[in-house]
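The structure under discussion appears below in the form of structure tokens.
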Amino acid sequence: MSYSTHTTPSGFLLPSIHAAQAFYTKQRNQQTQAIFTENWSRLILAYARHKRLFTLRLEDAETSGNPWDEIFRNTRINRRLFPNHLSHILQDMVSKNLAVYDPPKQTSSVLLFWRTPEEWADVLYEWADSTGLMNSILTFYDITEPVVPSQLSDIPVAILRRAINVLVKVNRAQLIAVADGEGVRFLAQTGR
Amino acid sequence: MGGNQSVPKITKQDRAILDLKLQRDKVKQYQKRIQGILDREHEIAKQHLAVGQKDRAIFALRKRKYQESLLAKTDGQLENLEKLVSTIEFSLVEVSIMHGLQQGNEVLKEIHKEMNIEAVEKLLEETAEAREYQREIDDMLANTLSADDEEAVQNELRQLQEEAFVTEAPIRMELPSVPTERPVSKVEEGREEERIPDPEQRERVPVLA
Numbered sequence: 001m002s003y004s005t006h007t008t009p010s011g012f013l014l015p016s017i018h019a020a021q022a023f024y025t026k027q028r029n030q031q032t033q034a035i036f037t038e039n040w041s042r043l044i045l046a047y048a049r050h051k052r053l054f055t056l057r058l059e060d061a062e063t064s065g066n067p068w069d070e071i072f073r074n075t076r077i078n079r080r081l082f083p084n085h086l087s088h089i090l091q092d093m094v095s096k097n098l099a100v101y102d103p104p105k106q107t108s109s110v111l112l113f114w115r116t117p118e119e120w121a122d123v124l125y126e127w128a129d130s131t132g133l134m135n136s137i138l139t140f141y142d143i144t145e146p147v148v149p150s151q152l153s154d155i156p157v158a159i160l161r162r163a164i165n166v167l168v169k170v171n172r173a174q175l176i177a178v179a180d181g182e183g184v185r186f187l188a189q190t191g192r
Numbered sequence: 001m002g003g004n005q006s007v008p009k010i011t012k013q014d015r016a017i018l019d020l021k022l023q024r025d026k027v028k029q030y031q032k033r034i035q036g037i038l039d040r041e042h043e044i045a046k047q048h049l050a051v052g053q054k055d056r057a058i059f060a061l062r063k064r065k066y067q068e069s070l071l072a073k074t075d076g077q078l079e080n081l082e083k084l085v086s087t088i089e090f091s092l093v094e095v096s097i098m099h100g101l102q103q104g105n106e107v108l109k110e111i112h113k114e115m116n117i118e119a120v121e122k123l124l125e126e127t128a129e130a131r132e133y134q135r136e137i138d139d140m141l142a143n144t145l146s147a148d149d150e151e152a153v154q155n156e157l158r159q160l161q162e163e164a165f166v167t168e169a170p171i172r173m174e175l176p177s178v179p180t181e182r183p184v185s186k187v188e189e190g191r192e193e194e195r196i197p198d199p200e201q202r203e204r205v206p207v208l209a
């Protein structure tokens, strides 16, 4: 059996390991499983970036007809990833800060960090700068649903909040809270 | 590296603007919801019509109409909110422009304080005097040259002029003129004849007999 890469209908290039039957089964050998887990998490993040998916639920592996079918199901070799295997992978990803359980205190749904909060912070700050929104007060809605679509369109507030916190720590942003909700103001860097 | 840069205080104004913007967001979200209802009622009316329940379809369409009027109303409200937000933000810009103008004015005043007209006049006078003085010194120095020295200076000048002329002269030489005919190589003659030259070339190239 020869393993080869495969391009999905949405234009995503699956790595050759995706065509290996063993890839879908939990391995007894710890070392092998560690390699598989790493490959799975890389594949999940790459695919999430490709499709701009931010959340992943265990049930995405259980049921079909969701955006994850293309990587969790390989009909060409008649294999699929099972939820308990995915659960193991998610646990590993959370421990490596590649994802975080969201909402917290459960383990069936994660937010994927195909960009780390620090990277999102840079994107956010650059966006504010390039759109001339420095120093004006923005609501989260202004950022997640901008009039002109941006890289930040539809970003989950949980990730947005983390990115803003990164900026607040270096005095590049300021959180403003009122009774009705929250807003943020990006601060231009003055002086070196 | 700006780590300890002071963060501007959150003023009452800031909170007011944020409040307004949050209200605006709420209106936007409300509009989204109504749009959803509109689409659904339309779907429902279609389904009822498909199974022949005309009165039910009409009921759904009536509900839809009502929601539509709400949507139109919120449009107006949204416009008001957005106008207010823009006005406030523009006023803030105006305030900062005023501030900038004020500061510029102060600086200009400071500078003018140091540069009153009398001082400038005095300075100009002094400069003129200094220039006059320098000219006198120049004259005096020129007069101290003896006749011999003057002669030597003139000689040197002449020599320099001649040298300049000599270096210029060799530049004038004759160059061969550019050939006016197209060179024709003997080897290609045979082929050249077979090929039909394009009209422009035919005029210029003398065809061999």
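Top to bottom, those sequences are chains W and A.
For the first sequence, the positions run 1 to 192 when full-length UniProt numbering is used.
For the second sequence, the positions run 1 to 209 when full-length UniProt numbering is used.
Note that CB positions come from ideal geometry on N, CA and C, so glycine has one too.
**Message:** Just to make sure I have the definition right: I need the residues of chain A whose C-beta is within less than 8 Å of the C-beta of D142(W). Which are they?
**Reply:** For D142(W), the C-beta contacts it makes with chain A under 8 Å involve K21, D25, in order along the chain.
**Prompt:** Under three-state DSSP, which class holds R182(A)?
**Reply:** Judged by DSSP in its simplified three-state form, R182(A) adopts coil rather than helix or strand.
**Prompt:** If we ignore side chains and look at the alpha-carbon of each, how far apart do V93(A) and I58(A) end up?
**Reply:** Their backbone Cα atoms lie some 52 Å apart in a straight line.
**Asked** Should I155(W) and T139(W) be called a contact, given that it needs their Cβ atoms to be closer than 8 Å?
**Response** No.
**Asked** Where R192(W) and V7(A) are concerned, what is the direct C-alpha to C-alpha distance, given to the nearest angstrom?
**Response** Note on R192(W): pLDDT 45, under 50, position unreliable in the model; the coordinate value appears next. Approximately 15 Å, taken between the alpha carbons.
**Prompt:** Between which two residues does the beta strand (DSSP E) carrying F186(W) extend?
**Reply:** DSSP places F186(W) in the uninterrupted beta strand (DSSP E) bounded by 181-186.
**S108(W) - DSSP class collapsed to helix/strand/coil** = Coil, per DSSP.
**Asked** Should D180(W) be flagged as near chain A, meaning a C-beta pair shorter than 8 Å?
**Response** Yes - at least one Cβ of chain A is within 8 Å of the one on D180(W).
**Request:** Taking only beta carbons into account, state which residues of the segment 109-141 of chain W come closer than 7 Å to chain A, listed in chain order.
**Result:** Listed in sequence order: S136, I137, T139, Y141.
**Request:** Return the first residue and the last residue of the beta strand (DSSP E) that Q174(W) is part of.
**Result:** Looking at the DSSP string, the run of the beta strand (DSSP E) that includes Q174(W) is 173-178.
**Asked** L152(W) and W127(W): beta carbons closer than 8 Å?
**Response** With contacts defined as CB atoms closer than 8 Å, L152(W) and W127(W) qualify as a contacting pair.
**Asked** Would you say E94(A) faces chain W, with C-beta separation under 8 Å as the test?
**Response** It does not: the Cβ of E94(A) has no partner Cβ on chain W nearer than 8 Å.
**Prompt:** What span of residues does the beta strand (DSSP E) with R57(W) cover, start to end?
**Reply:** For R57(W), the enclosing beta strand (DSSP E) starts and ends at 55-57.
**Message:** So for R79(W), helix, strand or coil by DSSP?
**Reply:** R79(W): strand per DSSP, three-state reduction.
**Message:** With three or more beta-carbon pairs closer than 8 Å as the criterion, would you say the segment 47-60 of chain W touches the segment 100-115 of chain W?
**Reply:** Yes, the segment 47-60 of chain W touches the segment 100-115 of chain W.
**Asked** Looking only at DSSP bridge pairs, what is A99(W) linked to?
**Response** Answer by DSSP bridge pairing, in chain order: L112(W).
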